[in-house]
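A.B. asks: Input: one structure, supplied below.
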Amino acid sequence: MTTTRPDTKTALARLLTEIEHRNPAQPEFHQAAREVLETLAPVLAARPEYAEPGLVERLVEPERQVVFRVPWPDDRGRVHVNRGFRVEFNSALGPYKGGLRFHPSVNLGVIKFLGFEQIFKNALTGLGIGGGKGGSDFDPRGRSDAEVMRFCQSFMTELYRHIGEHTDVPAGDIGVGGREIGYLFGQYRRITNRWEAGVLTGKGAGWGGSLIRPEATGYGNVLFAAAMLRERGEDLEGQTTVVSGSGNVAIYTIEKLIALGANPVTCSDSSGYVVDEKGIDVDLLKQVKEVERGRVDTYAERRGASARFVPGGRVWEVPADVALPSATQNELDAQDAAALVRNGVKAVSEGANMPATPDAVHLLQQAGVAFGPGKAANAGGVAVSALEMAQNHARTSWPAARVEDELAAIMTSIHTTCHETATRYGTPGDYVTGANIAGFERVADAMLAQGVI
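Heads up, our numbering is the position in the sequence shown plus 2, with the first residue counted as 1.
Spelled out as C-alpha cells, the structure:
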C-alpha cells in the first residue's frame, strides 16, 4: 500500500480551490474535477514525476474552448438563436473524441465536465483517442425534422472549421442520434467538399457507420456490471434490475440485460417512471421512444396490466439486485442510494455520465455495493466509435459479431485494469479509484513524453 505524503494532498486541495476560482458557476465541472483529483494522491506520491509542477494543472485546463451562436429559422420563419460549444480538452493520446449533446441544460460547465470525464474514459479503452465534448442548449424534442435539419446545418457551419478525422471527432449524446448525425455529416460534406467519413461517428451503417454502435454504450455497461458481479462469485442471470432513462443507452442496456438472463423492470423519462412486473418489453419501448418519439406513460398504457406509470417518481424506489442509471448527471442522490441499499442492491453501474452524486457514491461504497463509475462502465460507446474510425480509415465494414467481440474484450480489459489498479494502490474493489488512476497514468505518461505544450 502506498503512503500518501501530506504535501501531495495539500497541493491537490489547493488546485481544487483554484479550479473553482478560475471556473466560476460551473458546479458540474467542479464535481468532476474533485472526484478525480481526490483519488490521485497515492499515484502522485508513488510516481514523483507526475507531481512535477504543471502536469496536473495542464490536465484540468482544456487545450481549447469554442463557443459560438447558432441561428436557425423554425417552420413558421421565426429565427431562434442557440449557443454552441466544443471543448477540446486533451489530445495527448490521439484526436479529441467525444459526443455532442443537444439539451436545454447544456452550458459551458456541463460540456467541460463531460469533456474532462472523456479524457479518462477514452484512455481506459486503450485506443488512440483524446478527450473532448460539445453540444448546444437546443432542444430537439417537439421539433420537426426540417427544424432539426436547419439547426444542425447552422451548428455545423461553425463547427466544421474546428474538427477533422485527425483533429477532433464528435459523435452523438443526449438529443443527438442517427437523424442529427446524418444532418451534421451532410452539412460537413457540403461545406468541405470532402467525403471524410472519420470526422463523425454514429453514422448510418449504410454510409460509414459501424454495426453495434447504437447498442454499444448500453451493452458495454451491462458487460461491466456482469464483470463486477463475477468478481464476487455471481452473475446477472435471474437478477432483478432497475434502469433509469428511456433513450438509446437505457434501451440497449435493457436489451442486453434480457439477453444475459436478467429481468429489467423499469424505464423512465422526465415525467416519471414505469415499473413492469413482467419485465420491460424492449420492442414496445423501441417503438414508443425511437419510432414515435413518445413518452414512457404511452408504454405503460399499451403494455397492459403488468405495467404502471408513476408520475414524478424515481426508479430507485423499486427493489432490485442491480441498478443501472442511464439517464443524466446527478440523477441518483444520497436518498436514492439509501433506498437502493435498504432494498438489497448488490451492484450499481453507471450508463450515463456521472449520474450518481458524490454523497451517493460514498454511501454505496460504504455499504459494500460494487460501484462502476461511468468513465469505466459506459466506455463501450466511445470504444466502438473508435472502431468505427478504424473501419472508416480502411474503407471497410466489420460484421456485427466481430464488433461485439471487440466490445466485449475491451470492457473485460477495462474492468481488469480498474480492479488491478485499485488493488495495486491499496483500495481493492474501489473501481472509482482504479478507473481514475489507470486513466490518469496513461494520459500523464503521454503528456510527459511530449513535453510542456
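Just so you know, even glycine gets a beta-carbon here, dropped at the ideal spot from N, CA and C.
Pairs of beta-carbons, one from the stretch 360-370 and one from the stretch 333-341, closer than 8 Å: are there three or more?
C.D. replies: The stretch 360-370, when compared against the stretch 333-341, does touch it at the 8 Å Cβ threshold.
A.B. asks: With a 10 Å radius around its C-beta and 16 neighbouring C-beta atoms as the bar for buried, classify I460 as buried or exposed.
C.D. replies: Any answer about residue 460 is impossible in this case: the structure gives the chain only from 3 up to 455.
A.B. asks: Classify M3 as buried or exposed, calling it buried when 16 or more other Cβ atoms lie within 10 Å of its own Cβ.
C.D. replies: At M3, the pLDDT of 44 sits below 50, so the modelled position is not reliable and the matter cannot be decided from this model.
A.B. asks: Opposite R88 in the DSSP bridges: which residues?
C.D. replies: DSSP output for R88 lists V68 and G136 as bridge partner(s).
A.B. asks: Within 10 Å of its beta-carbon, does W209 have 16 or more other beta-carbons around it, so buried, or fewer, so exposed?
C.D. replies: Classification for W209: exposed.
A.B. asks: So, helix, strand or coil for T19, using DSSP?
C.D. replies: T19 falls in the helix class under three-state DSSP.
A.B. asks: Run through DSSP, which three-state label would W209 get?
C.D. replies: Three-state result, W209: helix.
A.B. asks: List the whole-angstrom C-beta distance separating F91 from G144, where the pair is believed to meet the contact cut-off of C-beta under 8 Å.
C.D. replies: Not really, about 32 Å apart at Cβ, beyond 8 Å.
A.B. asks: Report all residues from its chain with a CB closer than 7 Å to the CB of T6; omit the five preceding and five following residues, and keep chain order.
C.D. replies: Model confidence at T6 stands at a pLDDT of 48, short of 50, so the residue's coordinates are unreliable; what they give is reported in the following sentence. These residues qualify, in order along the chain: A43, P44 and A47.
A.B. asks: Just to confirm the assignment, what range does the alpha helix (DSSP H) spanning Y185 have?
C.D. replies: It spans G180 to T194 - the alpha helix (DSSP H) in which Y185 sits, taken as one unbroken run.
A.B. asks: Quick check: what's the CA-CA separation for M2 versus T203?
C.D. replies: With the chain covering 3 to 455 only, the question about residue 2 has no answer from this structure.
A.B. asks: Helix, strand or coil: which one does DSSP assign to M3?
C.D. replies: Here the model assigns M3 a pLDDT of 44, short of 50, so the residue's position is not dependable, and the following value carries that caveat. Three-state result, M3: coil.
A.B. asks: Apply the 10 Å Cβ neighbour rule to K135 and answer buried if 16 or more other Cβ atoms are within range, or exposed otherwise.
C.D. replies: Buried, since its Cβ has 16 or more Cβ neighbours within 10 Å.
A.B. asks: Going by DSSP, which residues form a beta bridge with L102?
C.D. replies: L102 is bridged to G136.
A.B. asks: For W318 and N332, what's the separation of their Cα atoms in angstroms?
C.D. replies: If I take the Cα positions, the gap works out to 13 Å.
A.B. asks: Report yes if the C-beta distance between N394 and G200 is below 9 Å; otherwise report no.
C.D. replies: Yes; because the gap between Cβ atoms is below 9 Å, this pair is in contact.
A.B. asks: From this set, R49, G441 and I282, which residue's C-alpha is nearest H421's C-alpha?
C.D. replies: Looking at the Cα atoms, G441 is the closest of the given residues.
A.B. asks: Could you give the distance in angstroms between the alpha-carbon of M449 and the alpha-carbon of G128?
C.D. replies: One C-alpha to the other measures close to 16 Å.
A.B. asks: Can you give the Cα-Cα distance for A173 and G100, rounded to whole angstroms?
C.D. replies: Spanning the two alpha carbons is a distance of roughly 6 Å.
A.B. asks: Is the beta carbon of G211 less than 9 Å from the beta carbon of I256?
C.D. replies: No. Outside cutoff.
A.B. asks: In whole angstroms, what separates the C-alpha of V245 from that of P55?
C.D. replies: Using only the alpha carbons, I get a separation of about 43 Å.
A.B. asks: What does a CB cutoff of less than 7 Å around A34 pick up in its chain, not counting 5 residues either side in sequence?
C.D. replies: If we look at A34 and ignore the five residues flanking it on each side, its Cβ neighbours are F115, F118, E119 and M356.
A.B. asks: Name the DSSP bridge partner or partners of S156?
C.D. replies: Answer by DSSP bridge pairing: none, since S156 is not bridged.
A.B. asks: Helix, strand or coil for A227 per DSSP?
C.D. replies: A227 falls in the helix class under three-state DSSP.
A.B. asks: What does DSSP give as the partner residues of D271 in its beta bridges?
C.D. replies: G274.
A.B. asks: Taking the alpha carbon of I131 as the reference point, which residue from P97, E63, F226 and R60 has its own alpha carbon closest?
C.D. replies: It is P97 whose Cα lies nearest to the Cα of I131.
A.B. asks: So, using beta-carbon positions, are R60 and V350 closer together than 9 Å?
C.D. replies: Going by C-beta atoms, R60 is not nearer than 9 Å to V350.
A.B. asks: When we look at the beta-carbon of K258 and count the other beta-carbons within 10 Å, is it buried (16 or more) or exposed?
C.D. replies: So K258 counts as buried.
A.B. asks: I need the DSSP call for T243, collapsed to helix, strand or coil.
C.D. replies: DSSP places T243 in strand when its eight states are reduced to three.
A.B. asks: Thinking C-alpha only, which one of A410, R305 and V108 is nearest V290?
C.D. replies: Cα-wise, what sits closest to V290 is R305.
A.B. asks: So, V312 versus L342, is the Cβ gap smaller than 9 Å?
C.D. replies: Result no, Cβ atoms of V312 and L342 do not sit closer than 9 Å.
A.B. asks: Within a Cβ cutoff of 6 Å, which residues of the same chain sit near T330, ignoring the five residues on either side of it in sequence?
C.D. replies: A354, listed in sequence order.
A.B. asks: How about V89 and V68: are their beta carbons less than 9 Å apart?
C.D. replies: Their beta carbons are under 9 Å apart, which means V89 touches V68 by this criterion.
A.B. asks: Output yes or no for whether 9 Å exceeds the beta carbon distance between F373 and Y433.
C.D. replies: Contact flag set, yes.
A.B. asks: On a Cα-Cα basis, can you pick out the residue from G111, A379 and I21 that is closest to E30?
C.D. replies: Cα-wise, what sits closest to E30 is G111.
A.B. asks: Since V171 sits in a beta bridge, which residues does DSSP pair it with?
C.D. replies: Its beta-bridge partners are K99.
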